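K.L.:
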Amino acid sequence: MTPPMEYIEDYTLAGLSRWLAAEGEKPFRAKQIFQWLYRHMARDFEEMTSVSRAMRAKLAGRFRLGGLERAAVLHSEDGSVKYRFRLPDGNEIETVLMPGASHNTLCVSTQVGCAMGCDFCMTARMGLVRNLTAGEIVQQVVQAARDLPDRAFIRNVVFMGMGEPLHNYDNVVRSIETLSEDNGFGFSGRRLTVSTSGLVPAIRRFIREGVHANLAVSLNAVTDEVRTALMPVNRRWNLEALLAACREFPAESRIRLTFEYVLLGGVNDSLADARRLVKLLHGIKCKVNLIPYNPPPGLPYRPPDLERVRAFQRKLLDHGLLATVRLSRGQDIQAACGQLIAGETAPRGRFARPTRGPIGSAAPVDTVAGG
Ligand code: SAH
Ligand code: SF4
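Numbering (my numbering), first residue to last: 11 to 381.
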């Protein structure tokens with residue numbers, strides 16, 4: 011069987027230069043091609059008029075350009091836009107554009123589904139179907155940028171859509187390299203944020219390799235007991251191991267470390283939890299992002315009242331922790347954090363996880379909604 015055609019967007023500038031050199035072409039042509047792909051956002055090799063006809067034919071014979079098909083574009087009342095893209099193999103992923111007063115943030119997916127099985131997250135219900143290629147990650151940015159008056163209208167890209175980015179390390183890092191390239195989008199590392207549920211060896215590698223992007227760690231609980239109940243990954247790497255790795259994050263750097271904390275009513279939102287969080291993060295230069303739970307249909311948790319959220323935040327601020335509250339976007343179109351589940355609603359991938367009841371509840375909940 012012939013392998014499926016690679017996307018040209020799978021290639022970093024260095025990779026494309028190497029390919030060109032091996033073909034006996036001038037490696038600097040890679041820059042030209044990058045400009046066509048990410049500055050002009052060409053849809054076809056034929057648009058690359060500064061590239062010779064022979065070269066265009068060669069590229070077209072070897073690579074696929076693009077390949078994400080828009081299955082749906084949903085507009086939320088609050089201005090956010092959810093794209094559902096169909097991949098060439100029929101799988102679907104979601105990407106969310108969140109407009110802000112001064113800038114837009116794009117939330118991209120890194121896998122079809124996710125293997126991590128967090129109990130509160132809709133994507134977990136799919137299990138892991140497959141990794142996205144670097145090109146499939148980059149193309150989500152291209153697709154959204156095409157709808158905006160200028161590429162620069164996307165200021166931040168957050169790797170917080172479907173999937174666990176550090177479980178698809180190589181492709182995610184490759185996509186960061188491409189998004190950062192000056193001949194393309196030219197994102198600085200401060201405008202890119204990779205969010206992880208806490209894969210400790212991959213966090214260490216990310217730090218060691220100096221990947222130029224912010225890191226967001228989804229903490230979500232302050233005791234191993236609660237964290238393990240919410241996030242099975244904690245069984246493998248507990249809070250101590252996770253925070254030890256986070257302490258290695260370079261303090262003197264333009265990129266930032268953030269801890270995300272999804273507030274689940276009655277589960278992890280007490281003032282005692284807030285105090286413990288302060289203790290745990292003592293000595294780590296970081297910011298805390300509080301995310302009031304977005305209840306996807308069919309999952310057994312509830313968000314806390316806004317008052318409780320504010321009290322939790324105040325406790326952190328009083329102890330000198332920088333803490334913000336991320337108010338939810340796109341809830342009416344199921345585009346908010348943890349509500350992304352594409353295509354079929356039934357769990358189907360490897361590691362697919364049926365819905366359990368809330369912590370301490372004996373009653374399982376079987377319904378899976380969304381999609
Ligand atoms: N897999 C990565 C990135 C995708 S999830 C991670 O877990 O970090 C992005 C963020 O959404 C995480 O912080 C996760 O804890 C949070 N999240 C998941 N489901 C949610 C929900 N239903 N409501 C609010 N936040 C949710
Ligand atoms: Fe995966 Fe993140 Fe959802 Fe956990 S919260 S299941 S790691 S996408």
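Glycine included, each C-beta is placed from N, C-alpha and C at the ideal position. Since the structure is predicted, the reported quantities are computational estimates derived from the model, not experimental observations.
(1) Do you know how far the Cα of A284 is from the Cα of G89?
(2) C117: beta carbon under 7 Å from a heavy atom of the ligand SF4?
(3) Whose CA, out of A70, L225, G276, L287, lies closest to the CA of R264?
(4) Tell whether a beta-carbon distance below 8 Å holds between L273 and V243.
(5) Is the separation between the beta-carbon of L75 and that of D54 shorter than 8 Å?
(6) Do you know how far the Cα of G34 is from the Cα of K411?
(7) Is it right to say R135 is buried, meaning 16 or more other beta carbons lie within 10 angstroms of its own, or is it exposed?
(8) Report the residue from F95, L189, V83 whose alpha carbon sits nearest the alpha carbon of L23.
(9) May I ask you to verify whether the region 113-126 touches the region 291-303, counting CB pairs closer than 8 Å and requiring at least 3?
(10) Within the region 105-173, note down every full alpha helix (DSSP H) run reaching 4 residues or more, in order along the chain.
(11) How would you call I314, buried or exposed, if buried means at least 16 neighbouring beta carbons within 10 angstroms?
(12) Just the Cα atoms here: how many angstroms apart are E219 and F73?
(13) How long is the line joining the alpha carbons of S86 and H222, rounded to whole angstroms?
(14) Say the cut is 7 Å; is the CB of M65 nearer than that to a heavy atom of the ligand SAH?
(15) From the DSSP output, read off the bridge partner residues of L253.
(16) Helix or strand or just coil, what does DSSP make of P313?
(17) Would you kindly work out how many angstroms separate the C-alpha atoms of C186 and R200, rounded to a whole number?
P.N.:
Concretely, from the data shown:
(1) Within the sequence shown, numbered from 1, the residue matching residue 89 stands at position 79. Within the sequence shown, numbered from 1, the residue matching residue 284 stands at position 274. Inter-residue distance for G89 and A284 is about 32 Å (C-alpha atoms, whole angstroms).
(2) Indexing the sequence shown from 1 puts residue 117 at position 107. No, since every heavy atom of the ligand SF4 falls outside the 7 Å radius drawn around the Cβ of C117.
(3) Indexing the sequence shown from 1 puts residue 264 at position 254. Closest option to R264, Cα to Cα, is L225.
(4) Position 263 of the sequence shown, counting from 1, holds the residue named residue 273. Position 233 of the sequence shown, counting from 1, holds the residue named residue 243. Contact flag unset, no.
(5) Taking the first residue of the sequence shown as 1, we reach residue 75 at position 65. Taking the first residue of the sequence shown as 1, we reach residue 54 at position 44. Taking the C-beta atoms as reference points, D54 is found nearer than 8 Å to L75.
(6) Because residue 411 is not part of the residues shown, which for the chain are 11 to 381, the question remains open.
(7) By 1-based counting over the sequence shown, the position of residue 135 is 125. By the 10 Å Cβ count, R135 comes out buried.
(8) Here residue 23 corresponds to residue number 13 of the sequence shown, with the count starting at 1. For the residues F95, L189, V83, the minimum Cα distance to L23 belongs to L189.
(9) No, because fewer than three Cβ pairs between the region 113-126 and the region 291-303 fall closer than 8 Å, the two stretches do not touch.
(10) Listed in chain order, the complete alpha helix (DSSP H) runs (minimum 4 residues) inside the region 105-173 are 144-156.
(11) Stepping through the sequence shown from its first residue, residue 314 is reached at position 304. The question names Ile, but residue 314 is Pro in the sequence shown. Result: buried.
(12) On the sequence shown, position 209 is the one that residue 219 refers to. On the sequence shown, position 63 is the one that residue 73 refers to. Distance between the alpha carbons of E219 and F73: 29 Å.
(13) Along the sequence shown, read from residue 1 onward, the residue named residue 86 stands at position 76. Along the sequence shown, read from residue 1 onward, the residue named residue 222 stands at position 212. Going by C-alpha positions, S86 is about 32 Å away from H222.
(14) The residue given as residue 65 occupies position 55 in the sequence shown. Checking every heavy atom of the ligand SAH against the Cβ of M65, none is found closer than 7 Å.
(15) Locating residue 253 in the sequence shown gives position 243, counting from the first residue. For L253, which the question treats as bridged, DSSP gives no partner whatsoever.
(16) On the sequence shown, residue 313 is found 303 positions in, with the first residue counted as 1. Shown here, P313 sits in coil according to DSSP, grouped into three states, outside any helix or strand.
(17) On the sequence shown, position 176 is the one that residue 186 refers to. On the sequence shown, position 190 is the one that residue 200 refers to. The amino acid occupying residue 186 in the given sequence is Ile; Cys does not appear at that position. Those two C-alpha atoms are separated by around 12 Å.
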